[in-house]
Amino acid sequence: MNKEKQRREALVYHAKPQPGKIKVVPTKPYATQRDLALAYSPGVAEPCLEIERNKDDVYKYTAKGNVVAVISNGTAVLGLGNIGPEASKPVMEGKSLLFKIFADIDGIDIELDTTDVEKFIETVKIISPTFGGINLEDIKAPEAFEIESRLKAELDIPVMHDDQHGTAIISAAALLNALEITGKKIEDVKIVVSGAGAAAVSCSRLYKAFGANAKNIVMLDSKGVIRLDRENLTIEKKEFATHRKIDTLEEAMVDADVFIGLSIADILNPDMLKSMAKDPIVFAMANPDPEIEYNLACKTRKDIIMATGRSDHPNQVNNVLGFPFIFRGALDVRATKINEEMKMAAVMALADLAREPVPEQVNIAYDTTRLAFGKDYIIPKPFDPRLITKIPPAVAKAAMESGVAKAPIEDWKRYEEELYLRSGNDNKVVRLLHNRAKLNPKRIVFAEAELLDVLKAAQIVHDEGIAQPILLGNRETIEKLKKELDFDAEVPIIDPRSDESKEIRAQYAIKLWESRKRKGETQYSAGINMGKRNYFGSMMLLEGDADGMISGYSRAYPKVLRPVFEVLGRAKGVKNASTVNIMITDRGPLFLADTSINVDPSAEELAEIGLMTANVAKTFGFDPVMAFLSYANFGSSNHPNAQKVREAVRILHEKNPELVVDGEIQTDFALDQELCNNNFPFSKLAGRKVNVLIFPNLEAANITYKLLKGLHNADSIGPVMVGLRRSAHILQLGASVDEMVNMAAVAVIDAQEREKRRKAKMGETD
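Heads up, the sequence shown is in full-length UniProt numbering, so the first residue is 1 and it goes up one at a time.
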């Protein structure tokens, strides 16, 4: 994507459909006069009086305990520098967004229009009763040091400057693991730190806390090596001034074991890297471009352990691994501060987590057979669902042991369960979907590329690296629309009806006729059909000229389904294809089937639908817990409709005993764990969180998923087609651009999985 296009997209993202990235929503009922009387006058007086009597009750009756202020004056924003408080607001809103989606903390951004340290500190102190914690952000050094240290000393709530400590905590965890792999000891290694800002100082201090020898640390700023004999050094720089008579980075790198980059791009060259000691550890964390490019560094030194701040390389030092979970643990025990013990506990928890076996969900997200502790995996991935159940408890325990916790936790198992429920891990499906598709993009046919929204979706998947689009339709029309969209990438455009497609159209027509000549297809009708995009696109898949297809934006589902079925047909061993809709709900993703094809499936067909849906859930990294739905519960009705569902479950229990599946069961009992456990403790679903719902017929499934989408604004991914010979997926009529992008990612992942199965079968056909 060119910079101008990226600029426009970023501006639209922040401006539409409403400005900003966060909003306040009620957490209590407000529908009736009684609700409003309790929320405000006169009912609100009661908690006010309780808090007046006992100030700590503010945590009991208000949201204070889950609210963190994200505060900046905009003097050191990202790579933008001193841009002022108003210009820093989008960044602070973004930080608030990350607090919410990773740790369910309500971040409130506050931008202060002052560069005066005393005014800044005084303002934060004045507003502090509102908040459970303070996250300082993008404040320039050296003022950042004084502001944080003063506020930590003068407030009784957690305060952390993430620019300092976030990078320090994540990189320290990575360093400990890198040293473990190389067999080196932290007290012996020589460390070069390029950069002398808040992050660099904090990193160096934390490394010292873990045993690094101050005499072995060389720090550099824009003037070169910080030496004891330099004049006008700040207190922080004096702390890391070296006695060595060296001046340049080149000199400092000779025989160094560790390079910590928190400076500028391309400052480290291959010759410097070659001069380092055996098994060098290089953390080039300048963003967006590191101190030395990843591939160049790895090519220069085969024995290197390399980390950057980028997500497109292994070992990303990403602050999102730290700050949400550190504040989560601190808030949950009402810590009065975030101290060294808590930060060190976070470091050890992160380091230990990287050494544990990686969940399949994480392997799937990063399209890896098996992530394992080693040179390319020294810190956990941001999508690891274990982060929230590992880091906050470690921080909370450290707060309790160091005497700063005012509300100690007693039941740790229950606490971990609460953390997982509030984490939103189940709802990272779309991010996982896109990231996984990007790892191995496939050729995806957009069969309706003459339509503006379809072309917009194709542009996004191309620019984001999700897929390699192939556009079907009138070339002149598509080129005109591309120009309107500034879609200037060279992507294949094919008009099935054009003269330039005449030869391939004829070849495809013969293939279609040969496969369907005993099913009413004539050579003439095959030729006519191959001028139609859904027939043509399906044949591209069958012949290996494309990997996947999406269609259906402008036509009724059955009209698109027919050519797909006629050309592709069902996969080997599948009696009936079906569809799954993935609904992104507040309780996590729900896999609903069959939402689009089978009107009244038999018990055997329901069992097959259930098995294929379970495989879809596994593909997305979820262990399926399946409820076969009915109006009846476990034999309470002998009507054939209930018996059918019961029989389908029996078939699955018999043929696939490893699956967690039960029914027939009513929807409320399936979704409410406590209700199910109290009434049907014998059920395989008792006490489990159901994530797969199999409906008795198409009517029930289709109505349900559209109700969820229409009434609860639940995002929908689908319908995901299962049971076909190739990766073809049919959109709902009028699908949004985002829905088409998601479906393109689904088509890519489907094609990836098919490729893996083909390779596993060593060339056998599917």
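Heads up, the beta-carbon is just placed ideally off N, CA and C, and yes, glycines get one too.
Selection from the options that minimises the alpha carbon distance to residue i
i	options	result
A209	A168, L179, F536	A168
G552	A744, G734, R587, R53	G734
Y415	V395, H434, V454	V395
K375	D623, L452, I478, R301	R301
H14	V25, A63, K89, L80	K89
A714	I584, N691, Q468, L659	I584
L592	V574, V625, G309	V625
G261	K278, D247, D289, L590	D289
K245	N269, L671, E654, R230	R230
Q6	N295, T234, I460, V91	I460
M400	R334, T389, S202	R334
Q732	A556, A627, V567	A556
A284	V25, L268, M740	L268
M253	L175, K190, E521, V358	K190
F383	L432, E410, Y377, I105	L432
A489	A614, V124, N678, G465	G465
K575	S554, I582, N581, L606	L606
L485	A457, A467, E500	A457
A241	E9, M219, K223	M219
Per-residue DSSP class, three states only, for residue i
i	result
T585	strand
L693	strand
V70	strand
M539	helix
P719	strand
R688	coil
L471	strand
N319	helix
M530	coil
R497	coil
Y377	strand
I181	helix
V616	helix
T765	The predicted position of T765 is uncertain, since its pLDDT is 45 and thus under 50; a value taken from the coordinates is nonetheless stated next. DSSP places T765 in coil when its eight states are reduced to three.
V12	helix
N679	helix
G166	helix
A141	coil
N135	strand
D221	strand
I53	Just to set this straight, residue 53 is Arg in the shown sequence, not Ile. In this structure, R53 counts as helix in the three-state DSSP scheme.
Where the beta strand (DSSP E) through residue i begins and ends
i	result
G443	The sequence shown places Arg at residue 443, not Gly. Looking at the DSSP string, the run of the beta strand (DSSP E) that includes R443 is 443-446.
S204	Per DSSP, S204 belongs to no beta strand (DSSP E); it is in the alpha helix (DSSP H), 198-209.
F259	258-261
T242	No beta strand (DSSP E) holds T242; DSSP gives it neither H nor E.
Close Cβ partners of residue i (< 6 Å) along its chain, the five nearest in sequence each way excluded
i	result
L350	A173
K152	V159, K337
For residue j and residue i, believed in contact at Cβ under 8 Å, the rounded distance
i	j	result
G20	E93	6 Å
V491	L472	The Cβ separation is near 11 Å, so there is no contact.
residue 770	D547	For residue 770 there is no data in the structure shown, the boundaries of the chain being 1 and 766.
A398	F373	Not quite, the Cβ-Cβ distance comes to about 23 Å (not below 8 Å), so this is no contact.
M276	A297	That pair is no contact at about 11 Å.
L419	P392	6 Å
N641	P589	Contact flag wrong, Cβ pair sits at about 27 Å.
Span of the alpha helix (DSSP H), counted from its first residue to its last, around residue i
i	result
E739	737-760
I460	452-463
F565	557-568
P622	The question names Pro, but residue 622 is Phe in the sequence shown. No alpha helix (DSSP H) holds F622; DSSP gives it neither H nor E.
A37	33-39
F487	From DSSP, F487 is part of no alpha helix (DSSP H); its letter is neither H nor E.
I510	502-516
T704	698-711
I108	Not the alpha helix (DSSP H): I108 falls in the beta strand (DSSP E), residues 106-111.
Any non-hydrogen atom of the ligand MG closer than 7 Å to residue i Cβ
i	result
K245	The model on display carries no ligand, and the ligand MG is accordingly not part of it.
Close-in-space but distant-in-sequence residues of the same chain around residue i (CB under 7 Å, 5 per side omitted)
i	result
E647	A603
A571	G723, L724, R725, D766
L452	L481
Q673	G687, R688, K689
Y61	P47, E50, I51
Chain-order list of residues whose beta-carbon lies under 8 Å from that of residue i (same chain, five-residue window excluded)
i	result
I478	A449, E450, L455, L471, I493
R533	A447, E448, L472, G473, P496, S551
T27	A63
I186	L175, L176, L179, Y207, F210, G211, A212
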